[in-house]
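Here's the structure, in structure tokens; my notes come after.
Residue numbers (this note's numbering), protein chains in the order written: chain A, 22 to 421; chain B, 22 to 421.
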């Protein structure tokens, strides 16, 4: 059967037909998608409270509409990644229940008892388990899909399986290209435009350095990366962290995932400068955020190295001094990608509610300029930082 | 029809059946393969003198025998690469006449009026057109299959098309791993063994640096590289240069092809220290060799940059200063790969007749030690050389 678009009724029928639920009696379905690319239904048995999520790819970019077509094969990518994640790090991703590549849909564990981390952070929610959980996710997925662990053959098969042309192109354009010139895809706060035109778009050194990062993204097939690991791709609670939306996954630079999540936390940090909130509460939340980033990164490096010591099957990975060099490069690239993410989220196509929630456009502009300036500093100085504390100190010094 | 192994009679029948020749009358066939992996027949119409080459992959590594099985899909890789080369740089590769993926065979232009460059160089043959021709081949194939020129989609399709698991693995093992320890695959001059055991295999810094080069080879999908560009993969005459045997092709680091051909010329340069030959002739030939290398590399860089200026469609490639940085990295990696190739050819599985032709094992050992020492210097100092002249000067200073 060919592709057809689900609605709430069809979603229920489909799940019963495929044995996910025994019968349609008492089932309810609700479309809750707020991403850019998909329909998302929560289907629930009101009697037992059992529920699942059915996610179906739309053949266009939802936020733009049918004028931007997009192949629906990305659900195959997401299902493939989720299978690997279910195997490598089952605690920190939704359980994959069912996949149908023809319909471009996957059925997975319902995580709606948790809140999207981005929304929680806008309300100053704290996530004490997040550094522990996310660092394990990163260390395990990035190490065990790399040449350090996999055989040459297994690794190359992953490269072929995750070619993911269209979604990589979105990142290449929207993160590494369009924010650096006056592209149609940009979404520009009118108060920010003068700064972009007079200052930001004239920074040729920055454009060169970002182009190097883009080239890394396009050529370095290191690990299976999630590819879109921002705070809107994470459901979190006090003791739970679930990373989803892996449709951008491909074999790319490991630092991209690490830098992207850190960059999104920095965005939240900086966003408070534009908000009317008790300064003491802001101060407290900001310390929490920097501590979170530091712990996340420290745990990640520790666990990645532990994996390496335990399971580096590639004998070259055991050459003396090689791992240190690898970890240094990984850190440098992480800071670069982190900066690129901070920049794209200020005036690129997809922005963060952390900042767009600031209704006063002048205040929003001031936050955005800070983001651009700090993003630039991170990228330009990425080779000079010795550790993440030096980066968080820079952020702290520049923001109040 | 499934795979069957060709012989001279079957090769003639096949070519007539597929219209390459009109009739079998007057056709002769001769098996001339001296590579490691294939059968090669020259089939000739004695009346017209027309001839073609039919190359068929064997399902094992020929030099080792049936105990080392190898899938025959590599001919598909070679045919795919040859199609691209026929398009990009038709003057410097054999013309592809026919392919049969089921039989793992290709039929191509017969180049047997030319000599294998390695054999010619062992006889001090000079190739005045080689730098001009080979630099065009390198500049055009490496630029026009890169992200600088191709669309993101076209490039990623090439990555998928040239996954080439088995032949990449051969390089990973035989070039970047086995020569650095006492591996069974090595083929060691008994007079060299003490040096390997007491000196060479203890060099942990070298092993670390080679591991970095190996990782580049495994992860950096920059351009469609030939993958085995030594002097035994080139037919050359006074005014002709034809590069063949592209079965190792895949999307890898561009510097690998450049470094490999330069390394093979350096091997010939150093080999003369072990030969009884008129010192004046040696001196003259050696100047020719270094001049060849310098011109090859200078022309390559010039043409690559010309292609870039003319045809870099990726706007990021036009960022100010970006190309210079790219060319610097390309040069550094070239010297690294060049050194690795010099090392692997001294005691790895596949060696060069330039050196194995030295029958006195002690003299051969002395040449091999020079090769190892210089290969190491190139790898360890690859970040410090400013240009190829500094490298050729080093070679010159160390060899008489």
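A virtual CB, placed ideally from N, CA and C, is assigned to each residue, including glycine.
Give the C-beta separation of residue i and residue j to the nearest angstrom, bearing in mind that I take them to be a contact with Cβ-Cβ under 8 Å.
i, j, result
"residue 134 of chain B", "residue 128 of chain B", "Not really, about 17 Å apart at Cβ, beyond 8 Å."
"residue 268 of chain B", "residue 98 of chain B", "6 Å"
"residue 325 of chain A", "residue 163 of chain A", "7 Å"
"residue 393 of chain B", "residue 416 of chain B", "At roughly 14 Å, the Cβ-Cβ gap does not stay under 8 Å, so residue 393 of chain B and residue 416 of chain B are not in contact."
"residue 246 of chain A", "residue 278 of chain A", "5 Å"
"residue 328 of chain A", "residue 100 of chain A", "The Cβ separation is near 25 Å, so there is no contact."
"residue 241 of chain A", "residue 240 of chain B", "5 Å"
"residue 3 of chain A", "residue 139 of chain A", "With chain A running from 22 to 421 in the structure shown, residue 3 of chain A is simply not present."
"residue 290 of chain B", "residue 147 of chain B", "About 13 Å; that fails the 8 Å criterion."
"residue 142 of chain B", "residue 252 of chain B", "6 Å"
"residue 149 of chain A", "residue 312 of chain A", "The Cβ separation is near 10 Å, so there is no contact."
"residue 170 of chain A", "residue 390 of chain A", "Their Cβ separation, rounded to whole angstroms, is 43 Å, which puts residue 170 of chain A and residue 390 of chain A out of contact at 8 Å."
"residue 156 of chain A", "residue 317 of chain A", "5 Å"
Can you find the residues in the same chain that come closer than 7 Å, C-beta to C-beta, to residue i, ignoring five residues on each side of it along the sequence?
i, result
"residue 91 of chain A", "58, 80, 81, 82, 187"
"residue 121 of chain B", "none"
"residue 288 of chain B", "363, 366, 373, 375, 376, 392"
"residue 168 of chain B", "176, 335"
"residue 189 of chain B", "271"
"residue 193 of chain A", "235, 238, 239"
Would you list the residues sitting across from residue i in a DSSP beta bridge?
i, result
"residue 255 of chain B", "B/264"
"residue 273 of chain A", "A/244"
"residue 3 of chain A", "Nothing can be reported for residue 3 of chain A, as the shown portion of chain A is limited to 22 through 421."
"residue 63 of chain B", "B/51, B/74"
"residue 137 of chain A", "A/256"
Of the choices the options, whose alpha-carbon is the least far from that of residue i?
i, options, result
"residue 126 of chain B", "B/255, B/77, B/394, B/205", "B/77"
"residue 110 of chain A", "A/145, A/166, A/93, A/149", "A/166"
"residue 301 of chain B", "B/132, B/155, B/276, B/421", "B/421"
"residue 355 of chain B", "B/287, B/275, B/398", "B/275"
"residue 406 of chain A", "A/207, A/345, A/353, A/229", "A/353"
"residue 321 of chain A", "A/246, A/178, A/152, A/343", "A/152"
"residue 66 of chain A", "A/185, A/169, A/43", "A/43"
"residue 202 of chain B", "A/147, A/70, A/340", "A/340"
"residue 369 of chain B", "B/338, B/206, B/260, B/248", "B/206"
"residue 222 of chain A", "A/238, A/204, A/210, A/237", "A/204"
"residue 349 of chain A", "A/398, A/317, A/403, A/337", "A/403"
"residue 264 of chain B", "B/337, B/137, B/40, B/30", "B/137"
"residue 224 of chain A", "B/228, B/260, B/342", "B/342"
"residue 266 of chain B", "B/357, B/96, B/51", "B/96"
"residue 323 of chain B", "B/337, B/344, B/286", "B/344"
"residue 332 of chain B", "B/39, B/24, B/155, B/172", "B/172"
"residue 158 of chain B", "B/199, B/112, B/359, B/178", "B/112"
Enumerate in chain order the residues of its own chain whose CB-to-CB distance from residue i is below 8 Å, with the five nearest sequence positions on each side excluded.
i, result
"residue 295 of chain A", "376, 379, 381, 384, 385, 387, 388"
"residue 45 of chain B", "33, 34, 37"
"residue 361 of chain A", "196, 197, 231, 234, 280, 284, 396, 400"
"residue 27 of chain B", "35, 60, 62, 75, 77, 124, 126"
"residue 72 of chain A", "63, 64, 65, 66, 131, 133"
"residue 315 of chain A", "409, 410, 413"
"residue 183 of chain A", "98, 101, 102, 245, 270, 271, 272"
"residue 447 of chain A", "Since the displayed chain A opens at 22 and closes at 421, residue 447 of chain A lies outside it and no answer follows."
"residue 107 of chain B", "114, 116, 117"
Can you name, in chain order, every residue of its own chain whose Cβ lies under 6 Å from the Cβ of residue i, other than the five neighbours on each side?
i, result
"residue 293 of chain A", "303"
"residue 68 of chain A", "47"
"residue 306 of chain B", "145"
"residue 54 of chain B", "60, 61"
"residue 282 of chain B", "250"
"residue 357 of chain A", "234, 400, 403"
"residue 212 of chain B", "382, 383, 386"
Any C-beta of chain E sitting closer than 8 Å to the C-beta of residue i?
i, result
"residue 301 of chain A", "The structure shown contains no chain E; the protein chains it does contain are A and B."
So is the beta-carbon of residue i under 7 Å away from any non-hydrogen atom of the ligand SAH?
i, result
"residue 257 of chain B", "The ligand content of the structure shown is nil, which means the ligand SAH is not present either."
Inset, instruction - For the stretch 236-248 of chain A, enumerate the residues whose C-beta is nearer than 8 Å to any C-beta of chain B, in chain order. - result: 236, 239, 240, 241, 242, 243
Legend entry - Interfacial residues, the stretch 176-198 of chain B to chain A, with Cβ spacing under 9 Å: 176, 177, 178, 180, 181, 184, 185, 186, 187, 189, 190, 193, 194, 197, 198
Inset, instruction - May I ask you to list, following chain order, the residues of the stretch 317-345 of chain A that have a beta carbon less than 8 Å from some beta carbon of chain B? - result: 336, 337, 338, 340, 341, 342, 343
Inset, instruction - Return the residues of the stretch 220-232 of chain A that lie within a Cβ-Cβ distance of less than 7 Å from chain B, sorted by chain order. - result: 225, 228, 229, 232
Inset, instruction - Report the residues of the stretch 154-169 of chain B with a CB closer than 8 Å to any CB of chain A, ordered along the chain. - result: 168
Inset, instruction - For the stretch 356-382 of chain A, enumerate the residues whose C-beta is nearer than 7 Å to any C-beta of chain B, in chain order. - result: none
Inset, instruction - Using a Cβ-Cβ cut-off of less than 8 Å, give me the residues of the stretch 39-64 of chain A that come near chain B, in sequence order. - result: none
Inset, instruction - Identify each residue in the stretch 260-272 of chain B for which the Cβ-Cβ distance to at least one residue of chain A is less than 7 Å, and report them in chain order. - result: none
Legend entry - Near-chain B residues of the stretch 94-107 of chain A - C-beta to any C-beta below 8 Å: none
Inset, instruction - Output, in sequence order along the chain, the residues in the stretch 112-128 of chain B whose CB is closer than 9 Å to any CB in chain A. - result: none
Legend entry - Near-chain A residues of the stretch 387-398 of chain B - C-beta to any C-beta below 9 Å: none
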